[in-house]
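Peer 1: First residue of the sequence shown? That's 500 in my numbering, and the numbers climb one at a time after it. From the three backbone atoms N, C-alpha and C, an ideal C-beta is built for every residue, glycine too. Owing to the predicted nature of the structure, the values given are computational and were not obtained by experimental measurement.
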Amino acid sequence: MAILLITHDLNLVRRFAHRVAVMEKGKLVETADTQTLFAHPQHPYTVRLLNSLPQRHLTAVDSNARILLETRQLRVEYPKPVLGWRGFFKSASFVALAGAGISLKAGETIGIVGESGSGKSTLAQAILGLIRVKSGDLEFDGSPISDRSKREHRALRAKLQVVFQDPFGSLSPRRTVAEIVGEGLLLHFPELSAEEHQQRISDVLREVGLPLSALSRYPHQFSGGQRQRIAIARALVLKPEVVVLDEPTSALDVSIQNQVLQLLVGLQQKYGISYVLISHDLAVVNALAHRLYVLKDGEIVEHGATESVIAQPQHPYTQRLVSASL
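1. For the candidate residues Gln554, Pro543 and Ala501, whose alpha-carbon lies nearest to that of Val764?
2. In the DSSP assignment, find the alpha helix (DSSP H) that holds Thr621 and state where it starts and stops.
3. Are Tyr579 and Ser773 close, meaning C-beta to C-beta below 9 Å?
4. Which parts of the stretch 708-750 are runs of the alpha helix (DSSP H), unbroken and 4 residues or longer, counting only runs that do not cross its ends?
5. Among Thr748, Glu695 and Leu791, whose alpha-carbon lies nearest the alpha-carbon of Leu552?
6. Provide the residue(s) that pair with His814 in DSSP beta bridges, ordered along the chain.
7. How far does the beta strand (DSSP E) with Ala520 in it extend, from its first residue to its last?
8. Can you have a look at Asp745 and say buried or exposed, based on whether 16 or more other CB atoms are within 10 angstroms of its CB?
9. Assess contact between the stretch 612-624 and the stretch 700-707, defined as three or more Cβ pairs (one per stretch) separated by less than 8 Å. Is contact present?
10. Between which two residues does the alpha helix (DSSP H) carrying Ala677 extend?
11. Counting along the chain, where does the beta strand (DSSP E) carrying Arg514 start and finish?
12. My output table needs one value for Pro543: the three-state DSSP class, helix, strand or coil.
13. For Asp752 and Arg574, I'd like the C-alpha separation in whole angstroms.
14. Buried or exposed for Glu694, going by 16 or more other Cβ atoms inside 10 Å?
15. Got a sec, what are the start and stop residues for the alpha helix (DSSP H) Phe537 sits in?
16. Using alpha carbons as the reference points, say which of Val680, Asp508 and Leu504 lies closest to His779.
17. Whole angstroms are fine: how far does the CA of His687 sit from the CA of Tyr770?
18. Return the CA-CA distance between Val808 and Asp561, expressed in angstroms with no decimal places.
19. If you run the structure through DSSP and keep just helix, strand and coil, what is Ser592?
20. Leaving out five residues on either side along the sequence, give the residues of the same chain with a beta carbon under 6 Å from the beta carbon of Leu536.
21. Run the CB neighbour count on Val546, radius 10 Å, all protein chains shown included, and call it buried at 16 or more, exposed below.
22. Report the rounded CA-to-CA distance for Ser592 versus Val743, giving the unit in angstroms.
23. Keeping to the same chain, check which residues put their C-beta closer than 8 Å to that of His652; ignore five residues upstream and five downstream.
24. Compare the beta carbon distance of Ser671 and Pro718 with 9 Å and say whether it is the shorter of the two.
25. Cβ atoms of Leu820 and Leu760: under 9 Å apart, would you say?
26. From this set, Val680, Gln813 and Glu801, which residue's C-alpha is nearest Ile601's C-alpha?
27. Taking all protein chains shown into account, decide if Gln572 is buried (16 or more other Cβ within 10 angstroms of its Cβ) or exposed.
28. Where does Thr506 fall in DSSP's three states?
29. Output the boundary residues of the alpha helix (DSSP H) element that contains Lys658.
30. Whose C-beta lies closer than 6 Å to the C-beta of Leu637 among residues of the same chain, with five residues either side of it excluded?
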């Protein structure tokens with residue numbers, strides 16, 4: 500069987516393709532066998548692609564920085580019908596998260612990695628309050644989230660934001676950029692005047708590198724990288740303290756991916772934002788995360804400084820993950 504592999508994952512290409520064809524703006528600019536192309540690229544665009552691998556440019560976290568987010572023995576279960584004796588269904592539980600404990604300091608990025616079904620997205624949803632936890636503690640800024648009133652929960656939403664994986668599906672196609680970015684302001688800061696509201700939107704667009712002419716346009720009029728910048732602006736406009744990044748660059752090609760990562764690092768250094776980075780891409784995690792947690796079957800099997808875990812993984816599962824990414 501012959502396979503035509505269409506992808507922006509250069510590591511995947513290097514591992515599995517016999518020959519490579521590189522396209523730019525609808526044109527085939529270079530073709531060669533895989534080993535030759537990666538070793539001796541000829542076209543400038545191919546050179547840029549191969550040089551676009553994520554680079555680590557992180558600022559060290561203050562050892563005395565306060566802990567913003569912490570979970571202890573967090574457990575999430577889902578009901579699961581099981582066919583029992585004589586064909587009757589009985590109730591059972593699927594454990595999606597078993598005793599997960601993480602901590603996040605102000606100005607820090609933690610990476611959460613693991614294969615599909617390991618519990619990464621479940622942990623993210625639990626942190627965001629989108630699913631109910633079975634047991635365990637979840638604290639924000641030193642106090643349990645469960646003890647907060649309804650009004651305090653709403654205020655917490657502004658401090659805890661998310662950027663989703665898919666920049667094509669996470670933005671409403673029926674709303675302009677101004678409406679998308681400004682929606683959270685209407686909910687959390689209704690006291691803003693029309694002029695202040697518009698100014699906050701304009702300021703955050705500049706922060707993420709988009710022109711003010713984008714305000715009246717719709718998502719379909721932008722590239723994937725620009726849409727992800729809009730999604731980042733939507734989260735950033737509320738001045739959050741923690742942003743959950745759910746595979747924020749997996750839908751982007753490597754050159755655009757690097758731009759978005761540099762933007763996230765720059766925003767963190769400027770505003771002291773903390774990130775929870777959910778990803779299966781160890782190159783992205785290594786570029787963005789100070790510390791790393793490895794999830795397998797809902798349990799944290801290893802954690803530590805990102806560079807140390809990737810350079811010298813201790814758990815067999817982490818070793819397999821690192822080996823598969825090289």
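Peer 2: In short, the structure shows the following:
1. Position 265 of the sequence shown, counted from the first residue, corresponds to residue 764. Closest option to Val764, Cα to Cα, is Gln554.
2. For the purposes of this step, residue 621 is taken as residue 122 along the sequence shown, with counting starting at 1. Residues Lys619 to Leu627.
3. Against the sequence shown, residue 579 aligns to sequence position 80. Against the sequence shown, residue 773 aligns to sequence position 274. In the sequence under discussion, the amino acid at residue 579 is Lys, which differs from the Tyr named in the question. No, the pair does not count as a contact, with Cβ atoms beyond the cut-off.
4. 723-735
5. For this step, residue 552 is matched to residue 53 along the sequence shown. Minimum Cα distance to Leu552 is reached at Thr748.
6. Your numbering for residue 814 matches position 315 in the sequence shown. Answer is none; His814 lacks a bridge partner.
7. Against the sequence shown, residue 520 aligns to sequence position 21. Taken as a continuous stretch (DSSP letters only), the beta strand (DSSP E) holding Ala520 covers Arg518 to Glu523.
8. Counting from one through the sequence shown, the residue named residue 745 turns up at place 246. By the 10 Å Cβ count, Asp745 comes out buried.
9. no
10. The sequence position of residue 677 within the sequence shown is 178, counting from 1. Run containing Ala677: Val676 to His687, per the alpha helix (DSSP H) assignment.
11. The residue given as residue 514 occupies position 15 in the sequence shown. That residue, Arg514, is in no beta strand (DSSP E); its alpha helix (DSSP H) goes Leu509 to Phe515.
12. Within the sequence shown, numbered from 1, the residue matching residue 543 stands at position 44. If DSSP states are grouped into helix, strand and coil, Pro543 belongs with the helices.
13. Against the sequence shown, residue 752 aligns to sequence position 253. Against the sequence shown, residue 574 aligns to sequence position 75. The straight-line gap from Cα to Cα measures roughly 35 Å.
14. By one-based count along the sequence shown, residue 694 stands at place 195. The residue is exposed, with fewer than 16 neighbouring Cβ atoms inside 10 Å.
15. Along the sequence shown, one-based indexing puts residue 537 at 38. Thr533 to Ala538 is the span of the alpha helix (DSSP H), which, as asked, contains Phe537.
16. Counting from one through the sequence shown, the residue named residue 779 turns up at place 280. That would be Asp508, whose Cα lies nearest to the Cα of His779.
17. Counting from one through the sequence shown, the residue named residue 770 turns up at place 271. Counting from one through the sequence shown, the residue named residue 687 turns up at place 188. Their backbone Cα atoms lie some 20 Å apart in a straight line.
18. The residue given as residue 808 occupies position 309 in the sequence shown. The residue given as residue 561 occupies position 62 in the sequence shown. Cα-Cα distance, rounded: 20 Å.
19. If you number the sequence shown from 1, residue 592 lands on position 93. Strand.
20. Along the sequence shown, one-based indexing puts residue 536 at 37. Cβ within range, chain order: Val519.
21. Along the sequence shown, read from residue 1 onward, the residue named residue 546 stands at position 47. So Val546 counts as exposed.
22. Taking the first residue of the sequence shown as 1, we reach residue 592 at position 93. Taking the first residue of the sequence shown as 1, we reach residue 743 at position 244. If I take the Cα positions, the gap works out to 27 Å.
23. As a working note, residue 652 is residue 153 in the sequence shown. Gly628 and Ile644.
24. Residue numbering aside, residue 671 sits at position 172 when the sequence shown is read from its first letter. Residue numbering aside, residue 718 sits at position 219 when the sequence shown is read from its first letter. Cβ atoms of Ser671 and Pro718: closer than 9 Å.
25. Numbered from 1 along the sequence shown, position 261 holds the residue referred to as residue 760. Numbered from 1 along the sequence shown, position 321 holds the residue referred to as residue 820. Result no, Cβ atoms of Leu760 and Leu820 do not sit closer than 9 Å.
26. Looking up residue 601 in the sequence shown gives position 102. Here the closest residue by C-alpha is Glu801.
27. The residue given as residue 572 occupies position 73 in the sequence shown. Its Cβ having fewer than 16 others within 10 Å, Gln572 is exposed.
28. Residue 506 sits at position 7 when you count from the first residue of the sequence shown. In this structure, Thr506 counts as coil in the three-state DSSP scheme.
29. Taking the sequence shown and counting its residues from 1, the one referred to as residue 658 is at position 159. Lys658 -> alpha helix (DSSP H) spans Lys649 to Lys658.
30. Here the question's residue 637 lines up with position 138 in the sequence shown. Taken in chain order, the residues that qualify are Thr570 and Ile644.
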